[in-house]
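J.: This note's numbering applies: residue 4 is where the sequence shown begins, and numbers increase by one. For glycine and all other residues, C-beta sits at the position ideal for the given N, C-alpha and C. Structure below; questions to follow.
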Amino acid sequence: MLRNGLEPWHLIIVVLVVFLLFGAKRLPDTARALGKSLRILKSETRALKDDFKDAASDGAQTSAEAEASPQRTIQSAPGDTASARPVDEKRPVEDEIKK
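Right under this line is the structure:
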């Protein structure tokens, strides 16, 4: 007896129903397409696991390097760095504008 109450004669019935639905001509093509899909799925999950492992190891190395290297501070540039515009001296005063 198999798991979940599934017995061998249940599997035989399922195989017969699949054979009747797909027929003898389409069954090999369907099985081939299913096999390709499963292979692609398996290779993609393997690649995803490898990517996660690589990212985890790269992240551990990066954090270790960040802790080991001292932080650098940026000093101000020498010379005048004022960025304000000069004031126009000939601007009218508010009292003159109201007249």
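Would you mind stating whether F104 and T33 have Cβ atoms separated by less than 8 angstroms?
T.: There is simply no residue 104 to check, as the chain begins at 4 and stops at 102 in what is shown.
J.: Below 7 angstroms CB to CB, which residues in the same chain sit around G8 once its five sequence neighbours on both sides are set aside?
T.: Counting only Cβ-Cβ distances below 7 angstroms, and skipping sequence neighbours, we find nothing.
J.: Under the three-state reduction of DSSP, which class applies to L30: helix, strand or coil?
T.: Helix.
J.: In three-state terms, what does DSSP make of E47?
T.: E47 falls in the helix class under three-state DSSP.
J.: According to DSSP, is H9 helix, strand or coil?
T.: This sequence places Leu at residue 9; His is not what is there. It is coil, neither helix nor strand.
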